[in-house]
Amino acid sequence: MLLHQPRRRFWATAVYGTSRRAVVSLLVLCLVATAAAVGAYGVGERLAPGGWTPAAAQSTRADAFLADRFGAGQPHLVLLATAKEPVDSPHARQAGQELTSRLATDPRIAWVHGYWPHHTPHLRSRDGRSALVAVRFSGEEKDVLAAGKDIAARETQRAGALTVSVAGEAALFSEMERLSTDGAMVAEIIVAPLVLLILLWAFGSLVAALLPVAVGAFAVLTTTALLRLLSETMTVSVFVLNIASALGFGLAVDYSLLLVSRFREELARGTRTVEAVECAVRTAGRAVAFSATTIAAVLGTLMVFPLTLTRSLAAGGAAVALCSAAGALLVLPVLLALLGRRVNSLDLFARWRTRADRPVSEGRWYRLAVWVTRRPVLVTLGTLLLLGLLAAPGAGARFGMYDDRILPSSSPVAQASQRLRTDFAAESGSAATVVLPDVHVAPPVPAVAPAALPGPAPRPVSSSAVHTYAARLSRLPGVRQVQTATGIYRDGRRTAAAGPWAAGFTGPAGTWLSVTPTTDSPLSPDGRQLTERLREEPAPTAAALVGGPGARLTDTEEALSDRLPLAMVLTVAATLLLMFAYTRSLLVPVKAVVLNALSLAATFGIIVAVFQQGRPEALLGTVNGPATTDVVIPAVMFCTAFGLSMDYEVFLLSRILEEHRRGTPTTLAVAVGLQRTGRLFTSAALVFAVVMASLAACDLVLLQLIGFGLAVAVVLDCTLVRALLVPAVMSLAGRANWWPAGRRRAR
Numbered sequence: 011m012l013l014h015q016p017r018r019r020f021w022a023t024a025v026y027g028t029s030r031r032a033v034v035s036l037l038v039l040c041l042v043a044t045a046a047a048v049g050a051y052g053v054g055e056r057l058a059p060g061g062w063t064p065a066a067a068q069s070t071r072a073d074a075f076l077a078d079r080f081g082a083g084q085p086h087l088v089l090l091a092t093a094k095e096p097v098d099s100p101h102a103r104q105a106g107q108e109l110t111s112r113l114a115t116d117p118r119i120a121w122v123h124g125y126w127p128h129h130t131p132h133l134r135s136r137d138g139r140s141a142l143v144a145v146r147f148s149g150e151e152k153d154v155l156a157a158g159k160d161i162a163a164r165e166t167q168r169a170g171a172l173t174v175s176v177a178g179e180a181a182l183f184s185e186m187e188r189l190s191t192d193g194a195m196v197a198e199i200i201v202a203p204l205v206l207l208i209l210l211w212a213f214g215s216l217v218a219a220l221l222p223v224a225v226g227a228f229a230v231l232t233t234t235a236l237l238r239l240l241s242e243t244m245t246v247s248v249f250v251l252n253i254a255s256a257l258g259f260g261l262a263v264d265y266s267l268l269l270v271s272r273f274r275e276e277l278a279r280g281t282r283t284v285e286a287v288e289c290a291v292r293t294a295g296r297a298v299a300f301s302a303t304t305i306a307a308v309l310g311t312l313m314v315f316p317l318t319l320t321r322s323l324a325a326g327g328a329a330v331a332l333c334s335a336a337g338a339l340l341v342l343p344v345l346l347a348l349l350g351r352r353v354n355s356l357d358l359f360a361r362w363r364t365r366a367d368r369p370v371s372e373g374r375w376y377r378l379a380v381w382v383t384r385r386p387v388l389v390t391l392g393t394l395l396l397l398g399l400l401a402a403p404g405a406g407a408r409f410g411m412y413d414d415r416i417l418p419s420s421s422p423v424a425q426a427s428q429r430l431r432t433d434f435a436a437e438s439g440s441a442a443t444v445v446l447p448d449v450h451v452a453p454p455v456p457a458v459a460p461a462a463l464p465g466p467a468p469r470p471v472s473s474s475a476v477h478t479y480a481a482r483l484s485r486l487p488g489v490r491q492v493q494t495a496t497g498i499y500r501d502g503r504r505t506a507a508a509g510p511w512a513a514g515f516t517g518p519a520g521t522w523l524s525v526t527p528t529t530d531s532p533l534s535p536d537g538r539q540l541t542e543r544l545r546e547e548p549a550p551t552a553a554a555l556v557g558g559p560g561a562r563l564t565d566t567e568e569a570l571s572d573r574l575p576l577a578m579v580l581t582v583a584a585t586l587l588l589m590f591a592y593t594r595s596l597l598v599p600v601k602a603v604v605l606n607a608l609s610l611a612a613t614f615g616i617i618v619a620v621f622q623q624g625r626p627e628a629l630l631g632t633v634n635g636p637a638t639t640d641v642v643i644p645a646v647m648f649c650t651a652f653g654l655s656m657d658y659e660v661f662l663l664s665r666i667l668e669e670h671r672r673g674t675p676t677t678l679a680v681a682v683g684l685q686r687t688g689r690l691f692t693s694a695a696l697v698f699a700v701v702m703a704s705l706a707a708c709d710l711v712l713l714q715l716i717g718f719g720l721a722v723a724v725v726l727d728c729t730l731v732r733a734l735l736v737p738a739v740m741s742l743a744g745r746a747n748w749w750p751a752g753r754r755r756a757r
């Protein structure tokens, strides 16, 4: 049967035809993995912590304009200095001035705005015992994060008259990184024994259970090395490392299960080791290749979104899929050739395991498939109704972005951030900013204006025009007050005249306004609505730029929604094209896409119910964070889940197609295919779900959402979709499943 495959036989003989050749091949692959490990060294230091907002967005340009031209805008790090006595006392004042001077002389810092030495009132707490020092750094995101870590560690550990704690974007990213690392370590400790038990049960021997580890290590090392190379030519988000590692391990288990299972089947038939390896590569290996290509294509569609996070995930996800396939098709066959029948050694659960040589018709998955195919309409309608009920909460999703409130209450950064909201009158962290480039308003009092910068000459605009504009903005719903060069405004009236502070709102580069919202959650739908109102209001100049947290949310959501139709079209087109090439059928690829979409809709509904609507909290305990659904993470997570779903789909279809091409009737082919692969994809999904679910025990809502969501997605997929919907729908379709290529063989 195998002799008509000369190319594959030549490859098998050349690579693992003898023990000596297999050992040489293994040594070569080990050298490749070692080189990848060396190339991956230090990759974390080259990755960026953010990437959530488009680089060319209006909010990004507004924030950069404020920072470069006015020394204003949102700081990267906020130092909260607390004294045992009032901050205006001699000891506290001296310590505060020394703190401000140390920061001002740091070459990494672009500007420092603090309570000392000018005693700015809004930077002092209501009880007078705390004060703020705001810092903005120069450089790229990774430079900001490194500088923020260094200064936070240095100042918070310093003893003296002031006790310093930190908040702000740099502190938030650092704390998220710390909690992610701690959570991953705890998850590994908790989940490792469970995963080992599942692998032992699924693979049937300790020797075989260790094979995914080798494939996964090869995939993760080579992917990390590729990310290191990509970081030389593009900005890569550090967030991709976690997803790539989890996805690489999940795919390693999937591919190893499929290949090892087919290898054992051939050995049980009395096939020689080399021929068994060749058959496994020819059949299961083909499924692995198509699966990896499909996953890479699906994740590659994330490149259409103009976010560093999504584009780096597209590159990293495609790389890990292809590297996992390379490991399965290169490393695993060599190991199987060396192990031979020893792959079945050390079966610790042999006495409890069902006999592998029993007839297919006696299998539980076979009996389930027969039960489903005898009542396909009832099963289809019932399963669709259940998926619809699970998806229903998704209609009430309120999209936003997470801030420091996703941190646990025990976090020092969370505590400092909460104090900023409750103890200080200043609300610059949530304020929207409106920049009027080339608009100059003379300051009402003598002051030293910022130095003139190259660029077009300022456009003269009278103070009355800015006054009128600020008054209109203060009347908008959701606005508490507006502060600018002409004064402070509330409800359409100027409530305070401009003072010495007004010089900071105007200069040769233009004028800007600070708009304080009524909400304390600007990264929510309320913040987005306020941004839309500000951008719709006619400004004194057409070049007005609106920035701030709400604007960042708006720009991110618009970037995702504008490109979402294109991403969906490309995802569906790539999936249909690749699945058609694999199955030579039109209906089967369409069915796979539709069922995967239904599964993801149900997953989204469960996520909204748990993380936004807060029910049932018994699953995860008290969920921290605002009652919104993050606008970026679900898109990233769903692409990963869609790829894994297609992985399981290919596994099931590979055996159904084999049976169909032997002339087996469709209903029976589905039952046999489900019996042959049901244990495989459910074991793989269970391993992946356990790994992801362990993240739900972490203290960071971001990890809880990702872990819980992906665990739910794979569980729904391998139960409701693969075990029930796929057999029922294929039974209903009958001969149409195989049109047009398989029409002659269809039953």
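For any residue, its number in my numbering is found by taking its place in the sequence shown, counting from 1, and adding 10.
Ideal Cβ positions, reconstructed from N, Cα and C, are used throughout, including at glycine.
Following the continuous alpha helix (DSSP H) through residue i, name the residue where it begins and the one where it ends.
| i | result |
| --- | --- |
| Thr687 | 676-703 |
| Arg482 | 473-484 |
| Pro447 | No alpha helix (DSSP H) contains Pro447, which is instead part of the beta strand (DSSP E) from 442-447. |
| Arg504 | Premise fails: Arg504 lies in the beta strand (DSSP E), 503-506, not in any alpha helix (DSSP H). |
| Arg562 | 559-593 |
| Arg710 | What sits at residue 710 in the sequence shown is Leu, not Arg. No alpha helix (DSSP H) contains Leu710, which DSSP labels as neither H nor E. |
| Arg134 | Premise fails: Arg134 is in no alpha helix (DSSP H) and is neither H nor E. |
| Val660 | 643-671 |
How would you label residue i, buried or exposed, when you count the other beta carbons within 10 angstroms and need 16 or more for buried?
| i | result |
| --- | --- |
| Met195 | exposed |
| Ala738 | buried |
| Val122 | buried |
| Gly373 | buried |
| Glu185 | buried |
| Pro510 | exposed |
| Met244 | exposed |
| His450 | buried |
| Ser266 | buried |
| Met656 | buried |
| Phe300 | buried |
| Asp572 | exposed |
So residue i is in the beta strand (DSSP E); what residue range does that whole segment cover?
| i | result |
| --- | --- |
| Arg490 | 489-494 |
| Gly497 | 497-500 |
| Ala93 | 87-93 |
| Pro527 | 520-527 |
| Ala338 | Note, Ala338: premise wrong, no beta strand (DSSP E); not H, not E. |
With distance defined between alpha-carbon atoms, name the residue in the options nearest to residue i.
| i | options | result |
| --- | --- | --- |
| Pro127 | Pro422, Ala307, Gly683, Gln104 | Gln104 |
| Leu113 | Pro559, Ala302, Ala157 | Ala157 |
| Leu720 | Leu340, Ala405, Cys649 | Cys649 |
| Ser419 | Arg118, Leu715, Leu710, Gly520 | Leu710 |
| Ala141 | Glu150, Ala699, Tyr125 | Tyr125 |
| Ala405 | Leu277, Glu150, Thr639 | Thr639 |
| Ala733 | Arg321, Val380, Leu319 | Val380 |
| Thr566 | Pro85, Val680, Thr541 | Thr541 |
| Pro422 | Arg71, Thr173, Leu730 | Thr173 |
| Ser175 | Leu210, Leu109, Ile208, Arg136 | Leu109 |
Just the C-alpha distance for residue i and residue j, rounded to the nearest angstrom, thanks.
| i | j | result |
| --- | --- | --- |
| Thr613 | Ser704 | 18 Å |
| Val314 | Val646 | 13 Å |
| Ala442 | Ala695 | 45 Å |
| Arg475 | Ala495 | Per the sequence shown, residue 475 should be read as Ala rather than Arg. So the alpha carbons of these two residues sit roughly 12 Å apart. |
| Gly683 | Ile199 | 36 Å |
| Ala91 | Ile119 | 18 Å |
| Thr191 | Gln714 | 14 Å |
| Gly688 | Tyr376 | 9 Å |
| Thr63 | Ala302 | 29 Å |
| Ala553 | Arg545 | 11 Å |
| Thr521 | Ala82 | 12 Å |
| Pro403 | Asp433 | 37 Å |
| Val287 | Tyr412 | 49 Å |
| Ala681 | Ser371 | 9 Å |
Does residue i get closer than 8 Å to chain D when you measure Cβ to Cβ?
| i | result |
| --- | --- |
| Asp501 | Reference to chain D is not applicable here, since this structure consists of a single protein chain. |
**Q.** Every unbroken alpha helix (DSSP H) within the stretch 163-248, with a cutoff of 4 residues, ordered by chain
**A.** 179-213, 216-219, 221-240
Q) If you scan the stretch 357-439 from start to end, which runs of the beta strand (DSSP E) of 3 or more residues do you find wholly inside it? A) none
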